[in-house]
Structures are given as structure tokens and as C-alpha cells.
Amino acid sequence: MTEPLNRVREICLALPEVTETLSHGSPTWFVKKTFVNFSDHAHGGPLAIWCAAAPGAQEEAIEKEPDRFYRPPYVGVRGWLGVRLDVDVDWDEIAAIIEEAYRQVAPKRLVAELEQRTSTND
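Here our numbering is used: the sequence shown runs in plain steps of one and ends on residue 145.
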């Protein structure tokens, strides 16, 4: 579990003004509001992250790859996406999913800062 948690932590904390705290006993990342929650087997589900997602993204991902994506408890009703980390993980894809979750909740000025960082790195 340490490696997936450390990888998720590294991706989240690289985004502008992100903080980490424990919420309901799990590492959770915030940018004014929660955008990613780490879920381990202690919650009765798979090793995963729960992420804010664009409208319709949850349904599309689950339909396309139900072995990798699921509707997480509690936040799934709000469209959040469960992303399994106990399967073959593409960390570039995980980084993209986390960045999209960030874009869903971050203030516009921080999204603009992220855009500027991304265009500078291209």
C-alpha cells in the first residue's frame, strides 16, 4: 500500500495549493474542497482513489472498464469516480484522472495557473 499512496501523494501535491489531511481516517487532498480521497481495504473496498469527476465521466468509465473503475460509496452519488489501484496501474493515466479531479473543484485562478504550468512544460 505504501507505494500507491506515495505515488498518489506525489501527483496530488504537485498541483497548485493542494493540501493533504486525514479525513475519515484516510489521506485526502484538498484545493479549497476535497478532490481526491485514498481508499484502502480498511473501508471494505479495493485499494483505490475516489476522485471528483466531470458530469457523465463516472458512468462512461465504469461502462468502458468496470474492472478498473467503479461508483464509490458515499461520494458516488455526486458523480465521483472510484479508480482501482490493485490492478495493473498506468500512472500517467492516474495523473491525468487526478488532474481532471483537481480541475473540477479548484478555483478558476488555480486552474489557470495549472494551464500555464502545463503550456510551459510542453
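Note that beta-carbon positions come from the ideal geometry of N, C-alpha and C, so glycine has one too. A quick note: this is a predicted structure, and the numbers were derived from the prediction, not measured.
Got a sec, what are the start and stop residues for the alpha helix (DSSP H) residue i sits in?
i              : result
arginine 132   : 131-144
proline 27     : 25-36
tryptophan 114 : 114-128
lysine 55      : Looking at the DSSP string, lysine 55 is not in any alpha helix (DSSP H), and its letter there is neither H nor E.
glutamate 86   : 80-87
What is the residue span of the beta strand (DSSP E) that residue i lies within?
i            : result
alanine 71   : 71-74
glutamate 43 : 42-46
Can you have a look at residue i and say buried or exposed, based on whether 16 or more other CB atoms are within 10 angstroms of its CB?
i           : result
leucine 185 : In this structure the chain extends from 24 to 145, so residue 185 is not present and cannot be described.
arginine 91 : buried
alanine 71  : buried
valine 59   : buried
What are the partner residues of residue i, as DSSP defines its beta bridges?
i            : result
arginine 107 : Ala71
tyrosine 97  : BP columns for tyrosine 97 are empty, so no partner.
Report the rounded CA-to-CA distance for residue i versus residue j, giving the unit in angstroms.
i            : j             : result
glycine 79   : glutamate 26  : 30 Å
glutamate 40 : threonine 51  : 14 Å
proline 95   : glutamate 122 : 19 Å
alanine 118  : alanine 135   : 18 Å
lysine 87    : tyrosine 93   : 11 Å
proline 130  : threonine 44  : 19 Å
alanine 75   : leucine 36    : 16 Å
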